[in-house]
Amino acid sequence: MNRYISLATTPYTVQDVLSELLKASSTKKKLPIVGMFLCQFDMRKGNVKIWSQLNEQYKDNELVLENIEFKTLPSGLHASSEDVITFTIPRNSLANEDVRNEPFYGVAYYNQNSYDIMEGHSEIDRSKVRMYAFGVIVNPVEKVKDNPFASITMVNKYIDNLEDTLKEWLNLNDDLNFAIFEEFFTENSTRENQSQILDSVVEENITINSSRRRHMVEYLPFWFRKFGPLIFTIWKECLLDKRILILNGSGESLETCNSLCFYMSLLSMKTNEISTDQKFITPLFTVGTTDIDSLKRLSHYSYIACTNDEILADKQELYDILIRLPSHTMESEEEAPVKIFTNNGTQIKATRNDFEQYELFVKEHLHEEVSGSLKRSCLNVTEPVSWSQFFIDSAYCIATAGTVAAPFHFHPEVIDIGDINEASDKADGISSIAEPLKFSLFFNIKTKRLYDALETILNENESLDSDGPIHISSHSLLKLNLDCFSSQDKQFVEQFCQLYFNRKIAIDYYEYFKAFC
Numbered sequence: 001m002n003r004y005i006s007l008a009t010t011p012y013t014v015q016d017v018l019s020e021l022l023k024a025s026s027t028k029k030k031l032p033i034v035g036m037f038l039c040q041f042d043m044r045k046g047n048v049k050i051w052s053q054l055n056e057q058y059k060d061n062e063l064v065l066e067n068i069e070f071k072t073l074p075s076g077l078h079a080s081s082e083d084v085i086t087f088t089i090p091r092n093s094l095a096n097e098d099v100r101n102e103p104f105y106g107v108a109y110y111n112q113n114s115y116d117i118m119e120g121h122s123e124i125d126r127s128k129v130r131m132y133a134f135g136v137i138v139n140p141v142e143k144v145k146d147n148p149f150a151s152i153t154m155v156n157k158y159i160d161n162l163e164d165t166l167k168e169w170l171n172l173n174d175d176l177n178f179a180i181f182e183e184f185f186t187e188n189s190t191r192e193n194q195s196q197i198l199d200s201v202v203e204e205n206i207t208i209n210s211s212r213r214r215h216m217v218e219y220l221p222f223w224f225r226k227f228g229p230l231i232f233t234i235w236k237e238c239l240l241d242k243r244i245l246i247l248n249g250s251g252e253s254l255e256t257c258n259s260l261c262f263y264m265s266l267l268s269m270k271t272n273e274i275s276t277d278q279k280f281i282t283p284l285f286t287v288g289t290t291d292i293d294s295l296k297r298l299s300h301y302s303y304i305a306c307t308n309d310e311i312l313a314d315k316q317e318l319y320d321i322l323i324r325l326p327s328h329t330m331e332s333e334e335e336a337p338v339k340i341f342t343n344n345g346t347q348i349k350a351t352r353n354d355f356e357q358y359e360l361f362v363k364e365h366l367h368e369e370v371s372g373s374l375k376r377s378c379l380n381v382t383e384p385v386s387w388s389q390f391f392i393d394s395a396y397c398i399a400t401a402g403t404v405a406a407p408f409h410f411h412p413e414v415i416d417i418g419d420i421n422e423a424s425d426k427a428d429g430i431s432s433i434a435e436p437l438k439f440s441l442f443f444n445i446k447t448k449r450l451y452d453a454l455e456t457i458l459n460e461n462e463s464l465d466s467d468g469p470i471h472i473s474s475h476s477l478l479k480l481n482l483d484c485f486s487s488q489d490k491q492f493v494e495q496f497c498q499l500y501f502n503r504k505i506a507i508d509y510y511e512y513f514k515a516f517c
């Protein structure tokens with residue numbers, strides 16, 4: 001059963017997708033608007049849509065804007081003076097649309113004035129509070145429809161315009177005058193030769209448009225550090241095509257949280273050799289309680305989404321993996337860690353091998369020393385050493401007087417930084433995006449190497465009984481740069497083989513001591 005929301009039909013490499021993303025970042029053109037809206041949180045009525053407009057193709061289909069006031073004014077947003085909400089609208093909510101089709105993409109700028117009103121006052125005059133979200137919806141064109149990274153990049157080109165237009169309207173103090181929005185819609189909803197939008201970029205002279213906000217890619221280093229060794233855990237879950245729900249920390253920015261959806265979708269990328277279907281999990285970005293029915297319809301498809309609504313975390317049938325983000329994500333150095341759970345409430349921690357790989361990446365690619373405090377925080381989200389590993393480590397320590405470590409502590413698969421530089425050649429000239437992309441390309445290269453190594457192992461151990469499981473030793477996990485002592489990595493390999501090779505495997509656990517002693 002296909003676990004993806006949409007299907008890719010074009011030739012594909014990781015570099016192709018990232019190249020399209022970079023081209024989308026550099027072009028001055030924007031995707032034409034399908035719809036535009038202004039929503040308000042009214043102190044008496046709650047969330048309301050007070051103005052909207054759709055282009056000719058969708059003007060008779062209000063389903064495009066259904067529940068848009070809840071999607072762009074989610075719970076908990078009142079704690080922020082401003083924010084950016086990225087979201088999708090599933091096409092399966094429209095007539096004659098398939099659930100697998102790529103969704104519409106949208107972005108809204110949110111602004112409220114309650115913090116300004118509070119200055120110099122002990123109480124807030126609620127009648128003066130103004131909370132608005134002004135946003136646009138676009139339909140991915142042929143050139144970018146199989147690449148959500150390029151689609152989202154081009155949608156986000158509207159953010160500065162949305163912010164400026166909303167603030168200009170607020171300064172008018174005329175809540176019934178929507179002329180400024182109508183003018184903006186007319187200017188940006190014209191259909192041009194859309195297939196040429198990305199082709200118009202002159203690649204040898206690529207420059208980034210000056211935007212006041214960071215590109216989602218620029219958050220990649222932050223999330224890599226924030227997750228610590230758990231980023232390897234998330235990478236493996238993404239490769240298994242899981243439905244992943246991210247619960248945002250209380251009072252935290254949705255703009256930052258949406259960048260995590262973007263990063264995780266990048267981590268899920270696979271080449272044609274690995275998968276002939278969709279090559280990455282489509283990010284749904286912000287979802288809420290009004291999206292519950294849509295999420296239920298995706299029970300057999302992968303997605304990555306984030307929410308402020310705790311109630312979605314209680315609905316275990318909606319997701320396979322839950323990521324709980326702590327509060328004060330950006331400001332506090334000493335904070336609670338990210339936590340990952342299965343839908344039955346079992347916490348997932350990083351393996352000891354994940355921890356060692358993270359340490360190595362920090363040293364080799366970030367050129368930093370792993371401090372004692374960083375090591376302690378990483379170990380807090382890492383599985384304890386198993387008894388099997390403890391005994392083998394002890395044996396090596398005694399036999400070699402501590403001069404030689406057991407072979408599972410060596411990582412010959414370390415990806416040289418040159419490989420990453422070569423893969424990101426097309427990003428030259430856009431350093432603000434090219435450099436952070438290395439935090440994705442590292443894992444994309446690991447994915448290809450994992451697949452190739454596992455294919456070799458399966459071929460070497462193929463039995464005449466094609467219907468029976470293929471027996472491999474736990475020592476083989478070392479060749480995959482996985483943890484041969486962790487039941488988590490054993491389950492990962494079993495599921496990976498079933499998903500990508502359609503073969504069952506049996507791992508011989510007794511090989512622990514035989515392999516190392």
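Just so you know, we're using the UniProt record's numbering here: the sequence shown kicks off at 1 and counts up by one.
Glycine included, each C-beta is placed from N, C-alpha and C at the ideal position.
The model shown is predicted, which means the values in this text are computed figures rather than measured ones.
Checklist entry - CA-CA distance, ARG212 and PRO32? => result Here residue 212 refers to the residue found at position 212 of the sequence shown. Here residue 32 refers to the residue found at position 32 of the sequence shown. Answer to the nearest angstrom: the Cα atoms are 21 Å apart.
Next on the checklist: Quick check on ARG324: does DSSP put it in helix, strand or coil?
Outcome noted: Reading the sequence shown from its first residue, position 324 is the one you call residue 324. ARG324 carries a strand assignment under DSSP once its states are collapsed to helix, strand and coil.
Checklist entry - Do you know offhand how far TRP51's Cα is from LEU38's? => result Counting from one through the sequence shown, the residue named residue 51 turns up at place 51. Counting from one through the sequence shown, the residue named residue 38 turns up at place 38. Here the alpha carbons of LEU38 and TRP51 stand approximately 5 Å from one another.
Next on the checklist: Between the alpha carbons of VAL362 and VAL338, how many angstroms are there, rounded?
Outcome noted: As a position in the sequence shown, residue 362 is number 362, starting the count at 1. As a position in the sequence shown, residue 338 is number 338, starting the count at 1. Between VAL362 and VAL338, the C-alpha separation is close to 19 Å.
Next on the checklist: Going residue by residue through the region 338 to 387, where are the continuous alpha helix (DSSP H) segments of at least 4 residues, counting only ones entirely within it?
Outcome noted: As far as the region 338 to 387 is concerned, its whole alpha helix (DSSP H) runs of at least 4 residues are 352 to 364, 372 to 380.
Next on the checklist: Quick check on SER81: buried or exposed, where buried means 16 or more other Cβ atoms within 10 Å of its Cβ?
Outcome noted: Position 81 of the sequence shown, counting from 1, holds the residue named residue 81. Around the beta carbon of SER81, a 10 Å sphere encloses fewer than 16 other beta carbons of the protein chains shown; the residue is thus reported as exposed.
Checklist entry - Can you check whether the CB of LEU230 is closer than 8 Å to the CB of VAL370? => result Locating residue 370 in the sequence shown gives position 370, where the first residue counts as 1. Locating residue 230 in the sequence shown gives position 230, where the first residue counts as 1. The beta carbons of VAL370 and LEU230 sit no closer together than 8 Å.
Item to check | CA-to-CA distance, SER474 to LYS71, given in whole angstroms | outcome: Stepping through the sequence shown from its first residue, residue 71 is reached at position 71. Stepping through the sequence shown from its first residue, residue 474 is reached at position 474. If you take the alpha carbons of LYS71 and SER474, they lie about 47 Å apart.
Checklist entry - For HIS78, which three-state DSSP category applies? => result As a working note, residue 78 is residue 78 in the sequence shown. Reduced to three states, the DSSP call for HIS78 is helix.
Item to check | Short Cβ contact (8 Å threshold) for CYS378 with PHE341 | outcome: The sequence position of residue 378 within the sequence shown is 378, counting from 1. The sequence position of residue 341 within the sequence shown is 341, counting from 1. Cβ distance not < 8 Å, so CYS378 and PHE341 don't count as in contact.
Checklist entry - What distance in whole Å lies between the Cβ atoms of ASN343 and LEU322, which are believed to be in contact at a cut-off of 8 Å? => result Here residue 322 refers to the residue found at position 322 when the sequence shown is read from its first residue. Here residue 343 refers to the residue found at position 343 when the sequence shown is read from its first residue. Indeed, because the Cβ distance is near 7 Å, the residues count as touching under 8 Å.
Item to check | Residues bridged to TYR132 (per DSSP) | outcome: The residue given as residue 132 occupies position 132 in the sequence shown. Note: TYR132 sits in a beta bridge opposite GLN40, ASN111.
Checklist entry - Three-state secondary structure (DSSP) at ALA506? => result Here residue 506 refers to the residue found at position 506 when the sequence shown is read from its first residue. In the displayed model, ALA506 falls within a strand according to three-state DSSP.
Checklist entry - Beta-carbon separation of LYS30 and TYR109 under 8 Å? => result The residue you call residue 30 lines up with position 30 of the sequence shown. The residue you call residue 109 lines up with position 109 of the sequence shown. Not a contact, by the Cβ cut-off of 8 Å.
Checklist entry - Tell me the DSSP bridge mates of CYS306? => result Stepping through the sequence shown from its first residue, residue 306 is reached at position 306. According to DSSP, which records beta bridges pairwise, CYS306 is partnered with ILE246, THR286.
Item to check | Cβ contact (3+ pairs, closer than 8 Å) linking the region 281 to 293 and the region 304 to 317 | outcome: A contact exists between the region 281 to 293 and the region 304 to 317.
Checklist entry - Leaving out the 5 sequence neighbours to the left and right, which residues in its chain are closer than 7 Å to GLU255 when beta-carbon positions are compared? => result Indexing the sequence shown from 1 puts residue 255 at position 255. Result list for GLU255: ASP83, VAL84, in chain order.
Checklist entry - What does ASP83 pair with, by DSSP beta-bridge criteria? => result Working through the sequence shown from its first residue, we reach residue 83 at position 83. DSSP, once it has assigned bridges, lists TYR110 as partnering ASP83.
Next on the checklist: Using 8 Å for Cβ pairs, my map puts SER151 next to TYR219. What's the rounded Cβ distance?
Outcome noted: What you label residue 151 is simply residue 151 of the sequence shown in a count that begins at 1. What you label residue 219 is simply residue 219 of the sequence shown in a count that begins at 1. Not a contact, Cβ separation roughly 18 Å.
Checklist entry - In three-state terms, what does DSSP make of TYR500? => result Against the sequence shown, residue 500 aligns to sequence position 500. Under the three-state reduction of DSSP, TYR500 is assigned to helix.
Next on the checklist: Please confirm whether GLY345 has its beta-carbon closer than 8 Å to some beta-carbon of chain B.
Outcome noted: Annotation note: the requested chain B is absent from the structure, which comprises a single protein chain.
Checklist entry - Beta carbon of ILE472, beta carbon of ASN481: below 8 Å? => result Within the sequence shown, residue 472 is the residue found at index 472, counting from 1. Within the sequence shown, residue 481 is the residue found at index 481, counting from 1. Not closer than 8 Å, so no.
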